[in-house]
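**Student:** Residue numbers (UniProt numbering): 1 to 874.
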């Protein structure tokens, strides 16, 4: 068994609304071999991974998966369960998975994940386990699990970051992980706020640098008459001894730019101890300071937005004797606490037996292997940092008003909107002016002591930080997502145009590129995950309008979490046989993802006239807005399904909203409908109005948008763009499926008066039947046909698609005039040379740019006009 391909879905996808990974595997001849027929396989597997006993599997009963193993299940299914079980063993709460046949020995396996690297390595281990058990070769399972634990430790979100992100999710703000996971963006677009641990978007970089410089921090606080310990920088040994004498013993030695208590030596009582401490510290740290030692308790005050939000008493780690266990054993017992992790990944950190721990034990006349008398206590460190094993007790309700004000002054002195202030005092409930000092002010303070104190009330600092980032009004930009077989690009563009005219900075993705405030930042087919992410991460964007294509959903899923409004223009036959989608039912399943991923109070805009769109109603949980060209469509009357509908009545666009009717405008006022003759654009306009109504846009603003959007190559490139070349009418359209050809050609036939020439073709990845049907449709409407092919053959042989189209042309009409010119540009030039004044040439193109160059070459002027003189289009 081997892995062929791995795909990571970072958001909602066609398999699950959870994050998933898909691996494609080759079973290498074992596709029909059940587990019960592989000698010792089942017993050895369950012995190695007992977590499999808890899997209920699809039969949903105790030890359901083990039962399936005994009966005989297949390797892809087993690999799925092993991958999940390995993650479970690491403490990761995942459950979802499935496996399906692709063809013969090739299967795909889907499994849920939280930590990407761990999950990918888990699936690799699962495959290795299966191969080892089949081939009866040893595998060092425990060693591989240790490696995964190391990867997990590196990948796990720290408690500070997690508390912020968890609260953001709680109030409906999505979180995007940036880079390797050190940074996260909360919210989208203009409402995006980037955090790094507990450093916020507006945390001042200079202030962070100042706080890292303990000597400068001390100086600035001292200027503001905030009590601090007198301190000096140490340049050499002579300077050290002189400073010690000047300050007066006891003293503290610490790095000028240290953190987490590293390199700090407390309560140095004389020159000898000072020299010993200096010799220990100077090899590890370049810049060292000496300061007065103050005896007292170690308090951490957390300030957010210049308000004190939490206070903790930090206590050094200690052991208490029971008369039975040695000190080493007592430390091991403390470390067995599941709340203690190797680093910052849990609420407490394991106590590492190092030089300082041994020194503290020795100072009490003990060694590690001594049994500690019952009730006897030994502190294992002199500092109380949680990162070295300390614990915390909540004191938020004990701090006095004077100390609160002092901490706020200290934060403002450094201009730090989020900070942790270390105070040494016997009693935090009394003013520290004559009772203690501020030792340090820390940027990026650790929050876990406040989130999960050993004693006392947990404080939700994540909530405080999120509220600060959003001025107490957490709010995201709206997201509008548009999918469908036909019309989604035009729908996306007109929605964007309308919102832009209202003054919003719109981030738009479409088949023509990514646009920010009408500026193209990337040209091409940008309808997938990465393009949408570019908009969501852009801090200028007020509203995201995302064309969301089938291919992008299949390949990577959705980039956004939940949309405010989703539009499904229609679901019609296209792309069948591609990416494992072979039927209309499967295509509906893919498209329905956009309708499912909508906020509870959001809207899904559906085509009430479209058969397949109606088939996904049971998958939609949000509010529905139906649109229809027929005001008598039965679905419009079903208020239990929808309170809002948009429809055409007497050539007016009408909105029915909670029983009241409003006319937006006449359909003939909308340029892209060509005086109401382009049926497909009438459908698009109704969908557009539905989306804008769902967004709460004023009806006058909707009218202003749809009546000022023009059917030209500047605004709606590639969608029924009309040109006049010395009296010859030319239409360029990106139609590339059966429904697109039918809609466009029927409209052209109705408004054309002369000969109708067509340059036709379709992408090579469409089915043979689709190619033939395109030929039939073209034969029905066109007077003369030139069959061309795309340059990108998409796996076909040259001439193969053209031959299929010709078969369709000739099947029902032997006398139809046609010819084959494979080059799109040559075919277009031939059609222009054949056409006369009053005739029409329509091209269903692959690449528009060369065709526009040909138009400019043939035309005596370059002005683009409405060829039917209904309304000027420029």
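The beta carbon of each residue, even a glycine, is placed where N, CA and C say it ideally should be.
Quick caveat, the model's predicted, so the values are computed rather than measured.
#1: Quick check on residue 658: does DSSP put it in helix, strand or coil?
#2: What is the DSSP secondary structure of residue 76, counted as helix, strand or coil?
#3: Below 9 angstroms between beta carbons: does that hold for residue 840 and residue 672?
#4: Could you check the C-alpha separation between residue 926 and residue 58 for me, to the nearest Å?
#5: Does the distance from the C-beta atom of residue 428 to that of residue 455 stay below 9 angstroms?
#6: Judging by CA-CA distance, which residue of 85, 385, 685, 545 is the nearest neighbour of residue 526?
#7: For the segment 705-777, which segments carrying the alpha helix (DSSP H) assignment without a break, of at least 4 residues, lie completely within its bounds, in sequence order?
#8: If you follow the beta strand (DSSP E) that residue 627 is part of, which residue opens it and which one closes it?
#9: Can you tell me the Cα-Cα spacing of residue 625 and residue 466, whole angstroms?
#10: With a threshold of 6 angstroms on Cβ separation, who are the neighbours of residue 330 within its own chain once the five nearest residues in sequence on each side are excluded?
#11: Have a look at residue 485 and residue 186 and give me their C-alpha separation to the nearest angstrom.
#12: Enumerate in chain order the residues of its own chain whose CB-to-CB distance from residue 779 is below 6 angstroms, with the five nearest sequence positions on each side excluded.
#13: Is the beta carbon of residue 477 sitting closer than 9 angstroms to the one on residue 567?
#14: Per DSSP, what are the beta-bridge partners of residue 253 in this structure?
#15: Between which residues of its own chain and residue 765 is the CB-CB distance below 7 angstroms, once the five residues before and five after are set aside?
#16: Is the Cβ-Cβ distance between residue 902 and residue 836 less than 9 angstroms?
#17: Specify, as a first and last residue, the run of the beta strand (DSSP E) that residue 107 falls within.
#18: Out of 563, 559, 612, which has the shortest C-alpha to C-alpha gap to residue 571?
#19: What does a CB cutoff of less than 6 angstroms around residue 746 pick up in its chain, not counting 5 residues either side in sequence?
#20: For residue 448 and residue 374, which I take to be in contact (beta-carbon distance under 8 angstroms), what is that distance rounded to the nearest angstrom?
#21: According to DSSP, simplified to helix, strand and coil, what is residue 871?
#22: Would you mind working out which of 811, 785, 848, 453 sits nearest residue 830, comparing C-alpha positions?
#23: Quick check on the burial criterion: 16 or more other C-beta atoms within 10 angstroms. Buried or exposed for residue 95?
#24: Under the rule that 16 or more other beta-carbon atoms within 10 Å means buried, what is residue 458, buried or exposed?
#25: How is residue 631 classed by DSSP in three states: helix, strand or coil?
#26: Considering only their Cβ atoms, is the gap separating residue 588 from residue 616 smaller than 9 angstroms?
#27: Specify whether the segment 118-135 and the segment 400-417 touch according to this definition: at least 3 beta carbon pairs, one from each stretch, less than 8 angstroms apart.
#28: Tell me, which residues are paired with residue 501 by DSSP?
#29: Give me, in chain order, the residues of the same chain whose beta-carbon lies closer than 7 angstroms to that of residue 218; leave out the 5 immediate sequence neighbours on both sides.
#30: Anyone know if the C-beta pair for residue 27 and residue 46 falls short of 9 angstroms?
#31: Within its chain, find whatever has a CB closer than 6 angstroms to the CB of residue 424; leave out the 5 residues flanking it on each side and keep chain order.
#32: Using CA atoms only, rank isn't needed, just tell me which of 641, 366, 372, 350 is closest to residue 385.
#33: The beta strand (DSSP E) that contains residue 424, what's its start and end?
#34: With DSSP as the reference, label residue 185 as helix, strand or coil.
#35: Please report the distance separating the alpha-carbon of residue 493 from that of residue 62.
#36: How many angstroms separate the CA atom of residue 591 from the CA atom of residue 767?
**Tutor:** Quick look at the numbers:
#1: Secondary structure of residue 658 (DSSP, three-state): coil.
#2: In the structure shown, residue 76 sits in a helix (DSSP, three-state: H, G or I).
#3: No; because the gap between Cβ atoms is not below 9 angstroms, this pair is not in contact.
#4: Here the chain covers residues 1 to 874 and nothing more, so residue 926 does not appear.
#5: Residue 428 is not a Cβ neighbour of residue 455, given a cutoff of 9 angstroms.
#6: Nearest of 85, 385, 685, 545 to residue 526, Cα basis: 545.
#7: List check, alpha helix (DSSP H) in window: 738-751.
#8: For residue 627, the uninterrupted beta strand (DSSP E) run begins and ends at 623-628, by DSSP.
#9: Those two C-alpha atoms are separated by around 33 angstroms.
#10: Around residue 330: 319.
#11: Spanning the two alpha carbons is a distance of roughly 32 angstroms.
#12: Around residue 779: 809, 813, 816.
#13: It is not a contact, given that the beta carbons lie outside the stated cut-off.
#14: DSSP lists 265, 290 as the bridge partner or partners of residue 253.
#15: 578, 794, 795.
#16: Beyond the ends of the chain as shown, which are 1 and 874, falls residue 902; an answer cannot be given.
#17: Where residue 107 is concerned, the enclosing beta strand (DSSP E) starts and stops at 106-112.
#18: Residue nearest to residue 571 within the set 563, 559, 612 is 612 (criterion: CA-CA distance).
#19: No residues qualify anywhere along the chain.
#20: That pair is no contact at about 32 angstroms.
#21: Per-residue confidence for residue 871 stands at a pLDDT of 33, beneath the threshold of 50, marking its modelled position as unreliable; no derived number is given.
#22: Comparing alpha-carbon positions, the option among 811, 785, 848, 453 lying closest to residue 830 turns out to be 785.
#23: Exposed is the call here.
#24: It is exposed - the Cβ of residue 458 has fewer than 16 other Cβ atoms within 10 Å.
#25: DSSP, read as helix, strand or coil, puts residue 631 in coil.
#26: Result yes, Cβ atoms of residue 616 and residue 588 sit closer than 9 angstroms.
#27: Contact fails: fewer than three Cβ-Cβ distances are below 8 angstroms.
#28: None; residue 501 has no bridge partner.
#29: Residues of the same chain with a CB within less than 7 angstroms of the CB of residue 218, apart from the 5 flanking positions on each side, are 228, 231 in chain order.
#30: No Cβ-Cβ contact shorter than 9 angstroms links residue 27 with residue 46.
#31: Contacts found: 294, 296, 436, 437, 439.
#32: Selected option, being the one with the closest Cα: 350.
#33: From DSSP, the beta strand (DSSP E) with residue 424 extends over 418-425.
#34: DSSP places residue 185 in strand when its eight states are reduced to three.
#35: Using only the alpha carbons, I get a separation of about 53 angstroms.
#36: In this model, residue 591 and residue 767 are separated by some 19 angstroms (Cα to Cα).
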